[in-house]
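Colleague: Those protein sequences? They're chains A and B, same order as listed.
The UniProt record's numbering puts the first residue of the first sequence at 1, with every later residue one more than the last.
The UniProt record's numbering puts the first residue of the second sequence at 1, with every later residue one more than the last.
There are 2 protein chains.
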Amino acid sequence: MKILVIEDDRTTGNYVAEGLREEGHTVDLMTDGKDALLQASTTDYDILIVDRMLPGLDGVSVVKTMRGAKNQTPVLFLTSLGGVDDRIEGLNAGGDDYLVKPFAFGELSARVAALARRPRATQDEIVLRAGDLEMDLMRRKVTRGGQHIDLLPREFALLEHLLRRKGRVQTRTMLLEAVWDISFDPQTNVVETHISRLRAKVDRPFETELIKTVRGSGYRIEE
Amino acid sequence: MKILVIEDDRTTGNYVAEGLREEGHTVDLMTDGKDALLQASTTDYDILIVDRMLPGLDGVSVVKTMRGAKNQTPVLFLTSLGGVDDRIEGLNAGGDDYLVKPFAFGELSARVAALARRPRATQDEIVLRAGDLEMDLMRRKVTRGGQHIDLLPREFALLEHLLRRKGRVQTRTMLLEAVWDISFDPQTNVVETHISRLRAKVDRPFETELIKTVRGSGYRIEE
DNA sequence: CTTCGATGACAAGAATTTTCATAATGCACT
DNA sequence: AGTGCATTATGAAAATTCTTGTCATCGAAG
Numbered sequence: 001m002k003i004l005v006i007e008d009d010r011t012t013g014n015y016v017a018e019g020l021r022e023e024g025h026t027v028d029l030m031t032d033g034k035d036a037l038l039q040a041s042t043t044d045y046d047i048l049i050v051d052r053m054l055p056g057l058d059g060v061s062v063v064k065t066m067r068g069a070k071n072q073t074p075v076l077f078l079t080s081l082g083g084v085d086d087r088i089e090g091l092n093a094g095g096d097d098y099l100v101k102p103f104a105f106g107e108l109s110a111r112v113a114a115l116a117r118r119p120r121a122t123q124d125e126i127v128l129r130a131g132d133l134e135m136d137l138m139r140r141k142v143t144r145g146g147q148h149i150d151l152l153p154r155e156f157a158l159l160e161h162l163l164r165r166k167g168r169v170q171t172r173t174m175l176l177e178a179v180w181d182i183s184f185d186p187q188t189n190v191v192e193t194h195i196s197r198l199r200a201k202v203d204r205p206f207e208t209e210l211i212k213t214v215r216g217s218g219y220r221i222e223e
Numbered sequence: 001m002k003i004l005v006i007e008d009d010r011t012t013g014n015y016v017a018e019g020l021r022e023e024g025h026t027v028d029l030m031t032d033g034k035d036a037l038l039q040a041s042t043t044d045y046d047i048l049i050v051d052r053m054l055p056g057l058d059g060v061s062v063v064k065t066m067r068g069a070k071n072q073t074p075v076l077f078l079t080s081l082g083g084v085d086d087r088i089e090g091l092n093a094g095g096d097d098y099l100v101k102p103f104a105f106g107e108l109s110a111r112v113a114a115l116a117r118r119p120r121a122t123q124d125e126i127v128l129r130a131g132d133l134e135m136d137l138m139r140r141k142v143t144r145g146g147q148h149i150d151l152l153p154r155e156f157a158l159l160e161h162l163l164r165r166k167g168r169v170q171t172r173t174m175l176l177e178a179v180w181d182i183s184f185d186p187q188t189n190v191v192e193t194h195i196s197r198l199r200a201k202v203d204r205p206f207e208t209e210l211i212k213t214v215r216g217s218g219y220r221i222e223e
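(1) Run through DSSP, which three-state label would A/THR213 get?
(2) With respect to 8 angstroms, is the separation between the Cβ of B/PHE105 and the closest non-hydrogen atom of the ligand PLP below this value?
(3) For a test of the three-state rule: what should DSSP assign to A/LEU151, helix, strand or coil?
(4) In terms of residue numbering, what span does the beta strand (DSSP E) encompassing A/PHE184 cover?
(5) Tell me, which residues are paired with B/GLN170 by DSSP?
(6) Helix, strand or coil, according to DSSP, for A/GLU134 in the structure here?
(7) Please list the partners that A/SER61 has in chain B, where partner means a Cβ-to-Cβ separation under 9 angstroms.
(8) When the Cα of A/ILE49 is compared with those of A/ALA69, A/PHE156, A/LYS2, which residue comes out closest?
(9) Keeping to the same chain, check which residues put their C-beta closer than 7 angstroms to that of A/THR208; ignore five residues upstream and five downstream.
(10) Please tell me whether B/LEU163 and B/ILE195 are closer than 9 angstroms, where the distance is taken between their beta carbons.
(11) Compute the distance between the beta-carbons of B/ARG154 and B/VAL179, then report whether it is under 9 angstroms.
(12) Which complete beta strand (DSSP E) runs does the UniProt domain "Response regulatory" (2-116) of chain B hold, if anything under 3 residues is left out?
(13) Taking the alpha-carbon positions, what's the B/LYS34 to B/ASP28 distance?
(14) Less than 8 angstroms between the CB atoms is what I'm expecting for A/LEU108 and A/VAL214, so what's the real figure, rounded?
(15) Please confirm whether B/ASP8 and B/MET66 have their CB atoms less than 9 angstroms apart.
(16) Which of the three DSSP states, helix, strand or coil, is assigned to B/THR143?
(17) Are the C-beta of residue 225 of chain B and some C-beta of chain A separated by less than 9 angstroms?
(18) Quick one: is B/PRO74 buried, meaning 16 or more other Cβ sit within 10 Å of its Cβ, or exposed?
(19) How close, in whole Å, do the beta carbons of B/ASP97 and B/LEU115 come, if the pair is a contact with beta carbons under 8 angstroms?
(20) Roughly how many angstroms separate the alpha carbons of A/THR11 and A/GLU18, rounded to a whole number?
(21) For B/GLU204, name the three-state secondary structure that DSSP assigns.
(22) Determine the contact status of B/THR188 and B/LEU198, defining contact as a CB-CB distance below 9 angstroms.
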């Protein structure tokens, strides 16, 4: 698998590139938008991983230009937690998925694998559903039964993760890693707290509960 | 001019209704979404002023339903400063303009007059431009030369106001009133500070400066 | 050279997230 | 079924982070 990483921050860039190399991929790393655009146009990559914020030409512009030139390489955007508009823009510009920084490497790895599997199937994971609950990643908007639900950034990220793995149980550890990027087990119950708040917004006002507790393991959203 | 105000908060509701009456308009005030929908469908209004957050049926749903029923009455949404998604949603649902709370009454009055003048011309003031600077009110996104610019809520409001009055000088007092809803002149230099921060993001990284100082009066954005 | 505006640093205030303490619930075992 | 232990739920307080406003100082314009 040939991957181009476009990321100006050296630390993150190397972290990503090294990790992917260890998984056996061929990885190029570029730090400047303009150079990257040239590189992406002249070499054939399987996947592009692009930081949303770049000096010079920013990530969104790079992808827009590429798409304009009929380059269909799947793109995974890296954005920051608060940046709502970023995601909207990224996906609008022709991104296929995005990942919120900071992220656990396993998460990145999973997204890369998913993108590789469906080389050009943009637009299908962009609205996540479970029952009458809808999460529109484009607009960063959640509704249930047509009713708008306001979520804080972390709540959104947690719900998103559960929805992406709908039907499968997620342990606290898995959630801590994916949503909080904490890979040891600190004495914390953040997960419980956030699940509780999520339920108050997503489940309590409605008939059926979507977020189930699996005693002894973790949580799951029903198919 | 016959106006329906849909606002659950009594204080704001009365403030708006009273003010508009003093300007000679006929104003009805409703506090519940469902009642308001019925009222709007059975009576012919020139303008609807709708709070985004309503108990029961929220503002966006009211307007969506109305629009579904081919009711083309212009709608002005009232939203809160932080609520990004609100505005996007509001305009998407068929709103014609929006106003951020808290607002100065003069501002409301101006918007109402503008809506009255162009009864059905939605979608034209929704992207504000000046040179290569674009402000998309729908997506709450600012770009210059294609480059995305992140603005904080107050910065966005300030720039929006200047753009809406492009070419005209805005005094500090006018800005304080419109953007901060402060109608006396306190010993403050918030305007200067925010102009400075805005310039750092909007002008400094680019060739030409758009935000001009008019010494002795205030600020202006060039046509 | 005097006044007005620009700006960086700091402080206040809000919003968000995490921790902590306590209550509630489920499950195993009598 | 009842009791006790362990797990999960939740409200409130504390900590953190982000945003906004103030102040003091610097620079530019007339």
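No residue lacks a Cβ here, since even glycine has one placed at the ideal position from N, Cα and C.
Modeller: So, from the data block:
(1) Your numbering for residue 213 of chain A matches position 213 in the first sequence. Three-state DSSP puts A/THR213 in a strand.
(2) In terms of ligand content, the structure shown is empty, and the ligand PLP therefore cannot be addressed.
(3) Here residue 151 of chain A is taken as the residue at index 151 of the first sequence, counted from 1. Three-state DSSP puts A/LEU151 in coil, outside helix and strand.
(4) Along the first sequence, read from residue 1 onward, the residue named residue 184 of chain A stands at position 184. In the DSSP assignment, A/PHE184 falls outside any beta strand (DSSP E), carrying neither H nor E.
(5) Position 170 of the second sequence holds residue 170 of chain B. Answer by DSSP bridge pairing, in chain order: B/TYR219.
(6) Numbered from 1 along the first sequence, position 134 holds the residue referred to as residue 134 of chain A. In this structure, A/GLU134 counts as strand in the three-state DSSP scheme.
(7) On the first sequence, position 61 is the one that residue 61 of chain A refers to. Within chain B, the C-beta atoms nearer than 9 angstroms to that of A/SER61 come from GLY146, GLN147, HIS148, in chain order.
(8) On the first sequence, position 49 is the one that residue 49 of chain A refers to. When each option's Cα is compared against that of A/ILE49, the closest is A/LYS2.
(9) The count along the first sequence starts at 1 and reaches residue 208 of chain A at position 208. Counting only Cβ-Cβ distances below 7 angstroms, and skipping sequence neighbours, we find GLY131.
(10) For the purposes of this step, residue 163 of chain B is taken as the residue at position 163 of the second sequence. For the purposes of this step, residue 195 of chain B is taken as the residue at position 195 of the second sequence. Taking 9 angstroms as the Cβ cut-off, B/LEU163 and B/ILE195 do not qualify as a contacting pair.
(11) For the purposes of this step, residue 154 of chain B is taken as the residue at position 154 of the second sequence. For the purposes of this step, residue 179 of chain B is taken as the residue at position 179 of the second sequence. Taking 9 angstroms as the Cβ cut-off, B/ARG154 and B/VAL179 qualify as a contacting pair.
(12) Runs found: 2-6, 26-30, 47-51, 75-80, 97-101.
(13) Counting from one through the second sequence, the residue named residue 34 of chain B turns up at place 34. Counting from one through the second sequence, the residue named residue 28 of chain B turns up at place 28. Computed Cα separation, rounded: 15 angstroms.
(14) On the first sequence, residue 108 of chain A is found 108 positions in, with the first residue counted as 1. On the first sequence, residue 214 of chain A is found 214 positions in, with the first residue counted as 1. No, A/LEU108 and A/VAL214 are not in contact; Cβ-Cβ is about 26 angstroms, not under 8 angstroms.
(15) In the second sequence, the residue the question calls residue 8 of chain B occupies position 8. In the second sequence, the residue the question calls residue 66 of chain B occupies position 66. No, Cβ-Cβ distance for B/ASP8 and B/MET66 is not below 9 angstroms.
(16) As a first step, residue 143 of chain B is located in the second sequence; it is residue number 143 there, counting from the start. Three-state result, B/THR143: strand.
(17) The question about residue 225 of chain B has no answer, for chain B in this structure spans 1 to 223.
(18) Numbered from its first residue, the second sequence carries residue 74 of chain B at position 74. Of the other Cβ atoms in all chains shown, 16 or more fall within 10 Å of the Cβ of B/PRO74; this residue is therefore buried.
(19) Position 97 of the second sequence, counted from the start, is the residue given in the question as residue 97 of chain B. Position 115 of the second sequence, counted from the start, is the residue given in the question as residue 115 of chain B. Contact flag correct, Cβ pair sits at about 6 angstroms.
(20) Along the first sequence, read from residue 1 onward, the residue named residue 11 of chain A stands at position 11. Along the first sequence, read from residue 1 onward, the residue named residue 18 of chain A stands at position 18. The alpha-carbon separation between A/THR11 and A/GLU18 amounts to approximately 11 angstroms.
(21) Position 204 of the second sequence holds residue 204 of chain B. According to the sequence provided, residue 204 of chain B is Arg. The question's Glu does not apply to it. Under the three-state reduction of DSSP, B/ARG204 is assigned to coil, being neither helix nor strand.
(22) To locate residue 188 of chain B, count along the second sequence from 1; it is residue 188. To locate residue 198 of chain B, count along the second sequence from 1; it is residue 198. Not closer than 9 angstroms, so no.
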